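Residue numbers (my numbering), protein chains in the order written: chain A, 1 to 426; chain B, 1001 to 1426. Where is the CB? At the ideal position from N, CA and C, for every residue including glycine. Predicted model only: the values in this text are computed from it and were never measured. Have a look at the structure below, then the notes.
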């Protein structure tokens, strides 16, 4: 059975995935020249850079996601479907999806990235991740359930394990989550759990390289370490995690007794199964500078899922929302150019800077010619993230929540909406 | 194993359930005279009167729930635990819970109500309810998933079933949900689903008695019917639902082909298993005017779970948040009176009025000596519900959401956070 999409007299562009790349592409591509079909497994776009705030009870899901149908309300010749894509049949120019087949004239793969466990099966089983909204909500529940359980146990070892948090990976995600957990420890949990000695709560960040925020400048790394240490976070550099059985994490430096290991140590491309003839080492689809994949004239890949082969010795651009957004926008313009029989422009990433926040009043910002940190950086971080949110409603909600938290030394609602079972209990 | 609650030199009051009754009781009871232990299966209090707004995508969960630990932050001699109570051992004055045993000196049962399917097993299996937050979130997902599926099917019968909504029960819940769905149909869905003919969406309210809002005045009933009809809702009075197999609802008036039957036709008390020697016909625990249950001097029951036997020929007070709140507050004062060796005051319900809203700009309000409806009633409804929310933060969030919806003819985010499987797919 084929999908219920009308056949009209325009070439059909099918886009798989509505992350930053897919979103910007659809915004730029012209309905005059193309019929646009967007597929995603969810009915919402997620603002991934703030996901850790959902996991740490700072923001509710509705603050950082936005329904796709609403973003593109009123766009002509645009069709959206919730589905998973199983296979691409390039000979027939057809996709096989969970709700039927779909013909394409031009295909764009914007499927993003998934967690890379580097083959550590035990960590995949017992560790927690926050690559999706549901994973982040589950992590929020697990963190809160731990404290509820810690109240009920008289086994001191178990209590210690429940209050010990090990974050693997000192990149932006790990550092920002560690900062948010440290804020929870300082400002929230002592009031919520007066019966518990919250000083027992430990937060560890384990990083395989010799610095945190390895993607940023050395200044930013040093500052972030200083900020984390001030917040009482333990940083383990040059330390590799080897195994985890749900209770003990074995690393090259020490063993950690913990019920909660959060894996933010790596991501890899998330290509579609049978296009994998042209993947780089990190599972990203190799493309040329026009985002076109090898051996096919009408298939493109953008965002985290793609790798422009001339970049960074074949490793491709850094996997960042800003790269994905720029690629999406550029490809949109290029497809419009094709329709008008004009030349395509090769993709060039404009680095406008990177930043990370570490708890209250502290952030690090790397601009191309200027690096700074501290409270001013924190305000810059907040302002830019507010402006980057898709929608005015999101901006208001997040702004109110942040103001509320700031002046009340308080966080969001800490709701355990659904009890999450640990892997061993399942 | 017993619960980790410190033994201090004060009598221990254990309260099961943090609905309106339990919440008000804890607020009133004095920590000088009692150690207070509150048990609930969730870590949040739910503002049930606005639950239908979660199911109809108008409000996000965080708008209508509030974490229990935060409500009672700083209260002395107060302990909260998330647990289910399995059994009361009255001889030992001990509870058996899912996390251990717990001694009590005084026990208060405030466990609320559950859905009453009147023995219709098929409806229990295939129908949807919204008595809890997770049920309401599931219902929201089901409603949205239906429209996504309707897009994908070319089977006209299936599409009709997916867009046909049958609400059983014309009480406040049924009427308010029908109004909210009708607003979705008019203002939201045509924009979200331009490919679907939304006129095919049908909303039916099936009521066994001869009027909607049977708990309110006849004026309110008539007005609510008029309002619903204006919104295009089909009302079936004097109609009894007999069976439902997930596709066809069989009633005394007609058969309805529908994938979504929402059951809001009845609730009953939710007592604890082995206290059932003193239940009324509707499963509510029979109490005297001081909310004390029969045969036990130190066990009380309040709210929907309880029935003051002298009321309404043994049927007890109406199951309303206002009754529950007043009972909780009164019992709190009475327990404080006991501690001071003073007289207890018998419970008298002060009826301050009831109200219901039916879509935009329309509500019905019954005050003890004055009944009115229309746009002014709607503003009164909104203002009172805002003021009744537990917390200032909730009030701001709900207020902003309502203003946003009002001026933009728009609703909340319509997120399908978790896919809900239909019973037959499970």
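- Between the segment 1297 to 1315 of chain B and the segment 1086 to 1106 of chain B there are three or more C-beta pairs closer than 8 Å, enough to call the two in contact.
- Distance between residue 1378 of chain B and residue 1219 of chain B, taken at the CA atoms: about 16 Å.
- With respect to the C-alpha of residue 165 of chain A, the residue from A/177, A/154, A/155 having the closest C-alpha is A/177.
- In the displayed model, residue 85 of chain A falls within a strand according to three-state DSSP.
- Taking the Cα positions, residue 1144 of chain B is about 30 Å away from residue 1238 of chain B.
- Against chain A, the CB of residue 1044 of chain B has a partner CB under 7 Å away; the residue lies at that interface.
- Contact check for residue 1391 of chain B against residue 1044 of chain B fails: the beta carbons are separated by 7 Å or more.
- A straight line joining the alpha-carbon of residue 1096 of chain B with that of residue 1086 of chain B spans about 6 Å.
- Beta-bridge partners of residue 371 of chain A (DSSP): A/366.
- Around the beta carbon of residue 319 of chain A, 16 or more other beta carbons sit within 10 angstroms, so the residue counts as buried.
- Proximity of residue 77 of chain A to chain B, defined by a Cβ-Cβ separation below 7 Å, is not satisfied.
- Secondary structure at residue 1217 of chain B: coil, using DSSP grouped into helix, strand and coil.
- Annotation: the continuous alpha helix (DSSP H) that includes residue 146 of chain A extends over 133 to 152.
- The residues 386, in chain order, have a CB closer than 7 Å to that of residue 399 of chain A in the same chain once the five nearest residues on each side in sequence are set aside.
- In the structure shown, residue 1321 of chain B falls within a helical segment according to DSSP collapsed to helix, strand and coil.
- By the neighbour-count criterion, in which 16 or more other beta carbons inside 10 Å mark a residue as buried, residue 1203 of chain B falls on the buried side.
- Here the alpha carbons of residue 47 of chain A and residue 130 of chain A stand approximately 12 Å from one another.
- Measuring C-alpha to C-alpha distances from residue 104 of chain A to each of A/7, A/183, A/169 identifies A/7 as the nearest.
- For residue 1004 of chain B, the three-state secondary structure derived from DSSP is coil.
- If you look at residue 403 of chain A, you'll find it in the alpha helix (DSSP H) that goes 392 to 408.
- With a beta-carbon spacing of about 5 Å, residue 1286 of chain B and residue 1278 of chain B fall inside the 8 Å limit used to define contacts.
- Here residue 1190 of chain B has 1198 as same chain residues with Cβ atoms under 7 Å from its own Cβ, once five neighbours each way along the sequence are excluded.
- Residues of chain B whose Cβ lies closer than 7 Å to the Cβ of residue 395 of chain A do not exist; the shortest such Cβ separation is about 12 Å.
- In this structure the segment 352 to 363 of chain A lies against the segment 207 to 216 of chain A, because at least three pairs of beta carbons, one per stretch, are closer than 8 Å.
- Under the 7 Å criterion on CB atoms, residue 142 of chain A is classed as non-interfacial with respect to chain B.
- At least one C-beta of chain B is nearer than 7 Å to the C-beta of residue 60 of chain A.
- Check the Cα spacing between residue 1367 of chain B and each of B/1255, B/1359, B/1381: the tightest is with B/1381.
- By the Cβ criterion, the segment 329 to 338 of chain A is in contact with the segment 29 to 36 of chain A, since at least three pairs of Cβ atoms, one from each stretch, lie closer than 8 Å.
- Under the Cβ criterion (8 Å, minimum of three pairs), the segment 111 to 126 of chain A counts as touching the segment 9 to 22 of chain A.
- With a threshold of 7 Å between beta carbons, residue 1192 of chain B makes contact with chain A.
- By the criterion of a C-beta distance shorter than 6 Å, residue 135 of chain A is surrounded in its chain by 129, once the five residues flanking it on both sides are discounted.
- Between residue 1374 of chain B and residue 1179 of chain B the beta-carbon gap is near 14 Å, outside 8 Å, which marks them as no contact.
- Burial state of residue 70 of chain A is buried, judged by a 10 Å Cβ sphere holding 16 or more other Cβ atoms.
- For residue 134 of chain A, the neighbours in chain B by C-beta distance under 9 Å run, in chain order, 1417, 1418.
- When secondary structure is reduced to three states using DSSP, residue 1079 of chain B falls in the strand class.
- For the pair residue 362 of chain A and residue 39 of chain A, the Cα-to-Cα distance works out to about 38 Å.
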